[in-house]
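Chemist: Per numbering that gives the first Met the number 0, numbering through the sequence shown is continuous, rising by one, with the last residue being 943.
Note that CB positions come from ideal geometry on N, CA and C, so glycine has one too.
Please read these numbers as outputs of a predicted model, since none were measured by experiment.
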Amino acid sequence: MGAEVRFHLLGPLAVTVGGRALPLGGAKQRALLAHLLLNANRLVPPGQLIDTVWPADPPTSATANLQTYVWRLRRLLPGDALRTHGPGYSLTVEPGDLDAHDFTRLVAEAARAAEDGTPETALTLLAEAEALWRGDPLEDLPTAPAWDAELGRLVENRLAAVEERLSLQVLLGRHDPAIAELTVLLAEHPYRERLWQQYLLALTGAGRRAEALQAYTTARERLVTELGVEPGPELRALQAAILAGDSPASAGLSAPTVPLRQLPADLPDFTGRDDYVRDLEAALGAGPAPVVLTGAPGTGKTALAMHVAHRLAGRFPDGQLYVDLAGTGAPRDPAEVLADFLHALGVTGNGVPAGLGQRAALFRSRLAGRRVLLVLDDTATAGQVRPLLPADAGCAVLVTTRGRLPELAGAKHVELTVFGEREAQRLLAGVAGVDRIDGEPAEAAAIVRCCGYLPLAIRIAGARLAGRQAWSLRTLHDRLADETGRLSELRVGDLGVRSSFELSLRQLAPSARTAFCRSALLGAQDFPSWVFDALLGRAGTHEVLDVLVDANLVSLVGLDEGGNPRYRLHDLLRCYAAELLDADPVADRRAALTRVLSGLLALAKAAAAGLPPAFGAMTGPPLGEPLPGTTRLVADPLAWFTAERKLLAAAVQLAADAGLDELAWQLTAAAVPFYDLRGAYDDWRRSHLTALAAVRAAGNRAGEAVLARGLGQVRLYHDEYAAAVTDMERSAALFAELGDVRGEALAVAGLGTVARVRDRPREALDCYRRALDGLERAGDRSGVAQMRNSIGSTYVLLGEFTDAAEWLGRARDLAREIGDPHREAKVLTELGALHRDTGRLPESLTSLRLALSILEDLDDERCSAYALLGIGRTLLAAGEPVQARGVCDRALRVFRETGNRQGETTGLALLDQAQRRRSPVVSGQAAAHDRDADQLPLPGFQPR
C-alpha cells in the first residue's frame, strides 16, 4: 500500500497518509473500517460486517448500504487495499502500516533482545511500542460484540508489555522510577500479581525492605478480602525470600637465563567462550590453588586453556610450563614430568633427585619467589597432579581433564559445555569462510545443530567445507542428517570425533561400557538414574552411572521438579553409543528397552493414582512392577509427571518404533490424568496419534478403543467437534464389540459433551442418560457422579432449574460419599452457575469460592481457571467490575499457558466487559451492550 499510509487502532480510529489524517466519514463507515482492520489480511463475509455495523436490528437495505460504505472506503484509501473476494471483503495491510501490528512486532523484538542478554535494547523497544498507544483501542467507537475478545487481547498485551518494561527496569536497578509508576498501576490494577511482584522487588532493591513486606500484606489482604483467594505461589515465594533476607530473582642449581615459554601456539581462529575466559582469568589470579577445567571429549578444553594461558602470559613473567599428561592414552608418570620441568628450570645432571618426593620438593623450591604459570593438559587422575603443584602464591596451575577430580583438595572446578548457537556459527564461519556461511545461513545453522554444537565437530565440519570449495553447505548438511553415518562424516585428516570418543571409552569397565551403549536406546532426552538399573537388568548401578558422569560421557544436566538428578547423552555421544550398540544382541537390546518402558509405565500408573481422577481415563492390565527403590519418586505425583513429561512422550514413540504396541498405548493412556490436569493438549494428541498407529498396525482393538476415546476428548478441547464425534463413535463401537460396558458408556458420555458444547442440550441429555445406565451397570460410582453432574448442568442450559438442582444435588452427595473432592468441586462450580442464573448471587459466590479452594488444594490449574471465570461473571452480575477484572486476569494466565483457546476467548471477552463497565459509557449502544454482559457465555466443564 505504501509506507506513507498508517492505520491507527490503539486509540481513536485514524488513517494518515504522509502524516495527514483522512476524513473517515460517519460512525457506521468507521465501524466498518475498524472491523476490517481488526481482521486485516483476512476474508470477512458480508454477514459479519452487517452484524457489526447494525448490531441490533439491521435494515432491509443493509446489504446495499454496506456496499455503499465499502465503495466510499475504497475511494478514500490509497491503492487497492480494500478488495472484494466473491461475496466477502479483505483489507490488505503491509508490515509497518498498522500500529497494532507494529506493537506486536516491537514487543516480540524486545523479548528476543532480553533473551539475548541486551536489556537496554529491550527497554528501548518496549518504550517505542508503548508510544504507539494514544488511549484505549477504538475508544471513539461504540463497542461491537465481535470486537470484545480482540480488544481485550490488545489491552491485556499492552499491560503485559508495561509489566515487562518495569521488570527490566527493576533488573537494571532503576528502582525509584519503577516504584513511582507501579504505585499508579497498582491503584488501577490492584489484583494483578505480577505488578505486585515487581513492586516488592523494586522496594527491596531500593533498600526499602520493610515497605516491601508491608506491600505484600496489602496485596494479600485485598486478594483475600475482596476476591476470596490467596496470593499465587510466585508472590508467596518472593515474600518468603524477602523475609529470609535472600536475594530475589556467584647442590647444582642454576637459574635459567631466559623466561620459559613452553605453551603450544594459540589457535588463530579461537572463537567465543568469553564468560569462561573471564572466569578462568579471575580464578588463576587468586593464588596457587589449581584450576581444573573439565568437560566432555571434543568441547575444546585444550584450546580454551591455551587461549587463556597466552592471554595471561604477561602476568607470569618468569615463564609458562606446559605438559601433556596423556590421560586418555598411557598416562605419564609425574616423576618423569618433574624431571623435565627441573631440566627446563636449569637443574642438570646429578642435580635431579631420584625419588618422586625429592623431585617435587626441589620443584617447589625452584619456583619459590617466581611467577610461573603451569598448564597440565589431559590429566587422568589427581595423583598425577599433586606432585606438580607449586607452593608459591605467585604461581598458578591450570589443569584440563575429561574426568572430574573431586579429590584434588582446594581446587577450583570449571566445567566446559558445548557452544551456544552463535558461537558455533562463528567458529564454522572462521574455518569455512564467512561468505559461505552468510550465503546459506539456514544450512549453516543446521550443520552446527547436527554437530551438537560440539567445538571439535564444528571445526571438522568447517575444515571439510574449506577443503571442498565446490560443496554447498546443503551438501554437507544432507550428509550429516543421517545419524547412522554422522560420525563417519565428522572426520578430516587425523582429526575425528569418533576417535576422540574412543579415547574416553577405552578407560571404562565392561559394565560401564554396556550401560553407555544401551543408554542410546533412550533417545535424545533427559532421563533419571533408575533407568540404568533397567538397562543393565540389575539393581545398584549408581556406581556405573558415577563412572560415566565422571568420565563426561553422560552429563548431569540438573535436578527435576522432585529434586532428583537428570542425565543426558550429548547427541554425538549418543550416535557413538548407538554404533557400538549394534554389537549387542537384538534380544538383549529389546529386553533392556522393555524393562525401561515397563518400569516407566508402572511409575506412571502409580503417579496417576495420586492425581484427581480424569473422567474417561482408562488403563490396561499391569505390564510390570516399579523397579526396586523407585516408588518414592512418585510421592509427589504432579512433580513426577512434570519431570517425566518429555520422557513419557518419547517413550511412546520408542515403544511404537519397537513394535511394543501394548506398552505404547498404555504409556500414553496412563498420562491422561496429568495431561488433563495441566492442559497439556499437544502432548496428549501427539502421543495418542503415535500409539494409535501402533495398535492399529498390530490389530490391538482394546488399545484402539481406549485411544480413540482419549483422542476424541482432546479434539473436543480443541473445538474440533466433527472429528471428536468420529473418534467417540469409533471408540463406542469397539468397546461394544469387545463387550466392555464401562468403556462404551465413557465413549457415549463423550458424545454427550460434544452435543452440549454444540448447543444441542436435548441430544446431550440422551447420551448422558445412556452413559449413566452403562456406568451404573459397570459399578463405576465416580463415573455415575460425573454423569449426574453433566445431566444437571445440561438442565441449567435448558433453563429447567428445578431438575438441574435435583441432579446436581445428587451428584454432590455421591461425590462426598465416595470421597472425591475433585468431583465435588466441579459440582459446586455448576451449582454456582445455577445460583447465578436464578439471581442468588451470594450463594453463587459461596459455591464458586469453595470450589476454587478445593481445586487449588488439588493443584488443578485448569479447573481453577474455570472456577475463577465463574467468580468473575458473578461479580460482574453483582456490579463489581473491578473485582471481576482481577479474577479474570488470573484465569487468563492459565488459559494462555495451557493453550485453551475457548477459555482464553471467553476470558478476554469478560475482561473487556469488566473494563468497559468501569469506564464512562461512550454511547447508548455501548451501554446496552454492557447491560448484556451478564449473558456472556461461559464454557462449562467438559467431563474428564
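Roughly how many angstroms separate the alpha carbons of Ala218 and Leu37, rounded to a whole number?
Modeler: Locating residue 218 in the sequence shown gives position 219, where the first residue counts as 1. Locating residue 37 in the sequence shown gives position 38, where the first residue counts as 1. Their Cα atoms are separated by approximately 36 angstroms.
Chemist: For Gly70 and Ala99, I'd like the C-alpha separation in whole angstroms.
Modeler: Translated into the one-based positions of the sequence shown, residue 70 becomes position 71. Translated into the one-based positions of the sequence shown, residue 99 becomes position 100. For the sequence presented, residue 70 should be read as Trp rather than Gly. Straight-line Cα distance between these residues: approximately 25 angstroms.
Chemist: My understanding is that Leu840 touches Ala877, with C-beta atoms under 8 angstroms, so please give their C-beta distance in whole angstroms.
Modeler: Taking the sequence shown and counting its residues from 1, the one referred to as residue 840 is at position 841. Taking the sequence shown and counting its residues from 1, the one referred to as residue 877 is at position 878. Right, the Cβ-Cβ distance comes to about 5 angstroms (below 8 angstroms), so this counts as a contact.
Chemist: Classify Tyr452 as helix, strand or coil using the three-state DSSP reduction.
Modeler: For the purposes of this step, residue 452 is taken as residue 453 along the sequence shown, with counting starting at 1. Three-state DSSP puts Tyr452 in coil, outside helix and strand.
Chemist: In this structure, how does DSSP classify Thr399 when only helix, strand and coil are distinguished?
Modeler: Translated into the one-based positions of the sequence shown, residue 399 becomes position 400. Strand at Thr399.
Chemist: Judging by CA-CA distance, which residue of Thr216, Gly619, Ala746 is the nearest neighbour of Ala239?
Modeler: Along the sequence shown, one-based indexing puts residue 239 at 240. If we check each option's Cα against that of Ala239, Thr216 comes out closest.
Chemist: Mapping DSSP to helix, strand and coil, what is Ser922?
Modeler: Start at 1 with the first residue of the sequence shown, and residue 922 comes out as number 923. In this prediction, Ser922 scores a pLDDT of 37, lower than 50, which makes its location untrustworthy; the coordinate-derived value is nonetheless stated afterwards. Correct three-state label for Ser922: coil.
Chemist: With a CB to CB cut of under 6 angstroms and the five nearest residues on each side skipped, what residues in its chain are close to Ser947?
Modeler: Any property of residue 947 remains undetermined from this structure, which presents the chain solely from 0 to 943.
Chemist: How is Gln524 classed by DSSP in three states: helix, strand or coil?
Modeler: Position 525 of the sequence shown, counted from the start, is the residue given in the question as residue 524. Note: Gln524 maps to coil in three-state DSSP.
Chemist: Starting from Phe6, trace the beta strand (DSSP E) both ways and give me its first and last residue.
Modeler: Taking the sequence shown and counting its residues from 1, one reaches residue 6 at position 7. 4-7 is the extent of the beta strand (DSSP E) around Phe6.
Chemist: Note the first and the last residue of the continuous alpha helix (DSSP H) segment covering Glu439.
Modeler: Position 440 of the sequence shown, counting from 1, holds the residue named residue 439. Premise fails: Glu439 is in no alpha helix (DSSP H) and is neither H nor E.
Chemist: May I ask you to report which of helix, strand or coil DSSP gives His188?
Modeler: To locate residue 188, count along the sequence shown from 1; it is residue 189. Correct three-state label for His188: coil.
Chemist: Could you tell me whether the Cβ atoms of Val417 and Thr298 are closer together than 8 angstroms?
Modeler: Counting from 1 along the sequence shown, the entry for residue 417 is found at position 418. Counting from 1 along the sequence shown, the entry for residue 298 is found at position 299. Going by C-beta atoms, Val417 is nearer than 8 angstroms to Thr298.
Chemist: Sort Val336, Leu875, Val43 by Cα distance to Leu965 and report the nearest one.
Modeler: Because the chain here runs from 0 to 943, residue 965 falls outside it and cannot be looked at.
Chemist: Determine the extent of the beta strand (DSSP E) in which Gly831 is found, giving its start and end residues.
Modeler: Here residue 831 corresponds to residue number 832 of the sequence shown, with the count starting at 1. Here Gly831 belongs to no beta strand (DSSP E); instead the alpha helix (DSSP H) covers 820-836.
Chemist: Identify the continuous alpha helix (DSSP H) that holds Gly17 and give its terminal residues.
Modeler: Counting from 1 along the sequence shown, the entry for residue 17 is found at position 18. No alpha helix (DSSP H) contains Gly17, which DSSP labels as neither H nor E.
Chemist: By Cβ distance, which residues of its chain are closer than 6 angstroms to Ala932, with the 5 residues on each side in sequence left out?
Modeler: One-based indexing of the sequence shown puts residue 932 at position 933. Per-residue confidence for Ala932 stands at a pLDDT of 37, beneath the threshold of 50, marking its modelled position as unreliable; the derived number appears in the next sentence. So the qualifying residues of the chain are Leu875, Gln912.
Chemist: Identify whether Gly902 lies in helix, strand or coil by the three-state DSSP scheme.
Modeler: As a working note, residue 902 is residue 903 in the sequence shown. Gly902 falls in the helix class under three-state DSSP.
Chemist: Is the distance from the Cβ of Leu868 to the Cβ of Leu909 below 8 angstroms?
Modeler: Looking up residue 868 in the sequence shown gives position 869. Looking up residue 909 in the sequence shown gives position 910. Yes, these two residues count as a Cβ contact at 8 angstroms.
Chemist: Can you list, in chain order, the residues of its chain whose CB lies under 8 angstroms from that of Arg310, leaving out five sequence neighbours each side?
Modeler: Here residue 310 corresponds to residue number 311 of the sequence shown, with the count starting at 1. Taken in chain order, the residues that qualify are Val276, Glu280.
Chemist: Using beta-carbon positions only, say whether Gly791 and Ala770 come within less than 8 angstroms of one another.
Modeler: Counting from one through the sequence shown, the residue named residue 791 turns up at place 792. Counting from one through the sequence shown, the residue named residue 770 turns up at place 771. In this structure, Ala770 does not lie closer than 8 angstroms to Gly791 by Cβ.
Chemist: According to DSSP, is Ser89 part of a helix, a strand, or is it coil?
Modeler: Sequence index remark: in the sequence shown, residue 89 carries index 90 (1-based). Strand.
Chemist: What number of angstroms, rounded off, separates the C-alpha of Gly800 from the C-alpha of Arg761?
Modeler: The residue labelled residue 800 in the question sits at position 801 within the sequence shown. The residue labelled residue 761 in the question sits at position 762 within the sequence shown. The residue you asked about is not Gly; residue 800 is Phe in the sequence shown. When rounded, the distance between both Cα atoms is 15 angstroms.
Chemist: Among residues of its own chain, excluding the 5 on either side of Cys450, which ones have a beta-carbon nearer than 6 angstroms to its beta-carbon?
Modeler: Taking the sequence shown and counting its residues from 1, the one referred to as residue 450 is at position 451. Closer than 6 angstroms at the Cβ level, and outside the excluded window around Cys450, lie Ala456, Ile457, Ala460.
Chemist: Given this structure, state the Cα-to-Cα distance separating Tyr794 from Asn788, to the nearest angstrom.
Modeler: Residue 794 sits at position 795 when you count from the first residue of the sequence shown. Residue 788 sits at position 789 when you count from the first residue of the sequence shown. Computed Cα separation, rounded: 10 angstroms.
Chemist: So, helix, strand or coil for Glu414, using DSSP?
Modeler: In the sequence shown, the residue the question calls residue 414 occupies position 415. If DSSP states are grouped into helix, strand and coil, Glu414 belongs with the strands.
Chemist: DSSP state of Thr618, grouped into three classes?
Modeler: Within the sequence shown, residue 618 is the residue found at index 619, counting from 1. Residue state, collapsed to three classes: coil.
Chemist: Count the other CB atoms within 10 Å of the CB of Thr142; is the residue buried (16 or more) or exposed (fewer)?
Modeler: In the sequence shown, counting from the first residue as 1, residue 142 sits at position 143. When all chains shown are included, Thr142 counts as buried.
Chemist: In terms of alpha-carbon separation, which member of Val546, Gly17, Ala39, Pro820 lies closest to Pro612?
Modeler: Within the sequence shown, residue 612 is the residue found at index 613, counting from 1. The shortest Cα separation from Pro612 among Val546, Gly17, Ala39, Pro820 belongs to Pro820.
Chemist: Looking at the secondary structure, which residues open and close the alpha helix (DSSP H) in which Val290 lies?
Modeler: Position 291 of the sequence shown, counting from 1, holds the residue named residue 290. Where Val290 is concerned, there is no enclosing alpha helix (DSSP H), although the beta strand (DSSP E) it sits in stretches over 290-294.
Chemist: Between the region 515-530 and the region 581-597, are three or more C-beta pairs nearer than 8 angstroms?
Modeler: The answer is yes - the region 581-597 touches the region 515-530, with three or more Cβ pairs under 8 angstroms.
Chemist: Report the start-end ranges of each alpha helix (DSSP H) in the region 62-133 that is 4 residues or longer and not cut off at the edges.
Modeler: You should have 98-114, 118-129.
Chemist: Thinking just about the alpha-carbon of each residue, which of Gln28, Arg5, Gly24, Leu23 is nearest to the one in Gly17?
Modeler: Reading the sequence shown from its first residue, position 18 is the one you call residue 17. Out of Gln28, Arg5, Gly24, Leu23, Arg5 has the C-alpha closest to the C-alpha of Gly17.
Chemist: Could you name each continuous alpha helix (DSSP H) segment of 4 residues or more that falls completely within the region 199-234, going from the start of the chain to the end?
Modeler: With a minimum length of 4 residues, the continuous alpha helix (DSSP H) runs that stay inside the region 199-234 are 208-221.
Chemist: Over what stretch of residues does the alpha helix (DSSP H) that includes Val322 continue unbroken?
Modeler: Working through the sequence shown from its first residue, we reach residue 322 at position 323. Per DSSP, Val322 belongs to no alpha helix (DSSP H); it is in the beta strand (DSSP E), 318-323.
Chemist: Between the C-alpha atoms of Glu728 and Arg677, what's the straight-line distance to the nearest angstrom?
Modeler: The sequence position of residue 728 within the sequence shown is 729, counting from 1. The sequence position of residue 677 within the sequence shown is 678, counting from 1. Rounded to whole angstroms, Glu728 to Arg677 spans 26 angstroms at the Cα level.
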